[in-house]
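Be aware that the sequence shown starts at 0, since it is given in numbering that gives the first Met the number 0, and climbs by one per residue.
Just so it is clear, CB atoms sit at the ideal spot from N, CA and C, and this is done for glycine as well.
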Amino acid sequence: MNDINFLNEVKELLICGRDMLSTLDKHGIDVPAELITRYDKAIIKLEKEK
């Protein structure tokens with residue numbers, strides 16, 4: 000697997016994790032906003048790496 004494919008896979012995992020946290024939050028489970036923000040920042044950072 001080359002570096003770009005690896006970064007894409009990691010990005011997809013981060014997006015899934017972020018979506019899961021957002022869904023939990025929507026269903027009344029308290030998820031710290033800073034945790035969702037960290038996922039967002041990591042996704043943006045990976046996009047810039049490519």
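Backbone CA spacing between residue i and residue j [nearest angstrom]
| i | j | result |
| --- | --- | --- |
| D2 | K49 | 9 Å |
| D29 | N7 | 29 Å |
| Y38 | E46 | 12 Å |
| N4 | K25 | 31 Å |
Alpha helix (DSSP H) segment containing residue i, residue limits
| i | result |
| --- | --- |
| G16 | 2 to 25 |
Residue i and residue j closer than 8 Å at C-beta
| i | j | result |
| --- | --- | --- |
| L20 | I35 | yes |
| A41 | L13 | yes |
DSSP state of residue i mapped onto helix, strand, coil
| i | result |
| --- | --- |
| K49 | coil |
| D29 | coil |
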